[in-house]
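Asker: Numbering (the working numbering), first residue to last: 4 to 265. The structure that follows is given in the form of structure tokens.
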């Protein structure tokens with residue numbers, strides 16, 4: 004297929020050339036125009052990862068996610084491509100991290116133990132539980148509990164991106180991206196999943212909610228949040244870990260209810 008000169012086209016024109024005419028030069032230009040998304044997402048994810056994880060490797064997998072986004076995006080629906088692509092890029096990077104099994108089994112076990120503890124205690128007390136209560140339940144000192152949170156902090160990057168069910172690819176955050184129309188069953192599940200997230204957020208402490216809001220809705224980095232809240236980066240990391248583990252417990256309960264109703 005012959006390629007037409009497209010240097011004068013704006014983004015809308017490039018999308019039309021690629022989607023309607025299959026112009027590969029237009030696709031290439033689109034990918035180049037949005038490479039900054041890959042750099043932004045990979046840089047944010049790299050902050051809390053071990054030093055042995057290369058940022059270049061993250062970016063390489065992120066580019067694959069960007070290409071996938073360009074292939075699947077429906078420009079006629081009037082959605083923001085940047086938002087859609089960010090989820091695809093992030094998902095591609097996190098998929099590669101999971102496949103690489105970069106989180107030690109011992110860390111996963113500790114995260115699961117903390118998650119279960121939050122779920123059991125908050126179901127019992129019907130409120131947010133304190134660090135002292137968690138420490139007593141886990142039979143560790145408060146200092147040891149804080150150390151456990153620090154250890155699992157690196158894992159919390161993937162927590163909400165994990166599949167709702169182990170055998171499925173749909174993630175807990177995927178409902179936030181409307182890339183296709185969903186059937187009625189999916190919409191009902193989407194409603195209750197969002198309701199579960201809202202309930203989970205209500206159980207968080209004020210500081211935990213602030214961290215989640217600034218990180219996931221205001222797109223601040225952990226170091227930027229530390230400056231805003233006048234706390235140390237390690238303290239922000241702990242608050243983030245606790246928030247994610249609380250939410251995981253709420254969503255796990257939601258998953259169990261879904262399975263009972265299937």
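Positions of the beta carbon are idealized from the N, C-alpha and C atoms, including for glycine.
(1) Return yes when the Cβ of residue 38 is within less than 8 angstroms of the Cβ of residue 73, no when it is not.
(2) Report back the beta-carbon spacing between residue 26 and residue 35 to the nearest angstrom; my notes put them in contact at under 8 angstroms.
(3) Among 62, 124, 57, whose alpha-carbon lies nearest the alpha-carbon of residue 138?
(4) Quick one: grab the DSSP three-state call for residue 87.
(5) The alpha helix (DSSP H) with residue 17 in it runs from where to where?
(6) Can you tell me whether residue 102 is buried or exposed? The criterion is at least 16 other CB atoms within 10 Å of its CB, across all chains shown.
(7) Is it the case that the Cβ atoms of residue 47 and residue 71 are separated by a distance below 8 angstroms?
(8) Can you give me the start and stop residues for the alpha helix (DSSP H) that residue 47 sits inside?
(9) For residue 203, I'd like the list of residues in its chain whose CB is within less than 6 angstroms of its CB, leaving aside the five on either flank, ordered along the chain.
(10) Rounding to the nearest angstrom, what Cα-Cα distance links residue 212 and residue 246 in this structure?
(11) Cα separation between residue 1 and residue 132?
(12) Going by DSSP in three states, residue 81 sits in which element: helix, strand or coil?
(13) Under 8 angstroms Cβ to Cβ from residue 156, same chain only, skipping five residues before and after it: list those, please.
(14) Taking the straight line between their C-alpha atoms, what separation do you get for residue 117 and residue 110?
(15) Beta carbon of residue 154, beta carbon of residue 113: below 8 angstroms?
(16) Less than 6 angstroms between C-beta atoms, sequence neighbours within five positions excluded: which residues of the same chain meet that for residue 18?
(17) Output the distance between the C-alpha atoms of residue 236 and residue 216, rounded to the nearest integer angstrom.
(18) For residue 213, does the three-state DSSP call read helix, strand or coil?
(19) What residue does the alpha helix (DSSP H) around residue 140 start on, and which one ends it?
(20) Roughly how many angstroms lie between the CA atoms of residue 64 and residue 89, to the nearest whole one?
Answerer: Checking against the coordinates, here is how it stands:
(1) no
(2) Their Cβ separation, rounded to whole angstroms, is 14 angstroms, which puts residue 26 and residue 35 out of contact at 8 angstroms.
(3) 124
(4) The answer is helix: DSSP assigns residue 87 an H, G or I state.
(5) 14-24
(6) Answer is exposed; the Cβ neighbour count stays below 16.
(7) no
(8) Per DSSP, the unbroken alpha helix (DSSP H) holding residue 47 starts and ends at 38-49.
(9) 250, 253
(10) Rounded to the nearest angstrom, the two C-alpha atoms are 7 angstroms apart.
(11) Past the boundaries of the shown model lies residue 1; the chain is included only from 4 to 265, so the question cannot be answered.
(12) coil
(13) Taken in chain order, the residues that qualify are 51, 240, 241, 243, 244.
(14) 11 angstroms
(15) Yes; because the gap between Cβ atoms is below 8 angstroms, this pair is in contact.
(16) 78
(17) Between the alpha carbons of residue 236 and residue 216 lies a gap of roughly 16 angstroms.
(18) Correct three-state label for residue 213: helix.
(19) 134-141
(20) For residue 64 and residue 89, the distance between alpha carbons rounds to 13 angstroms.
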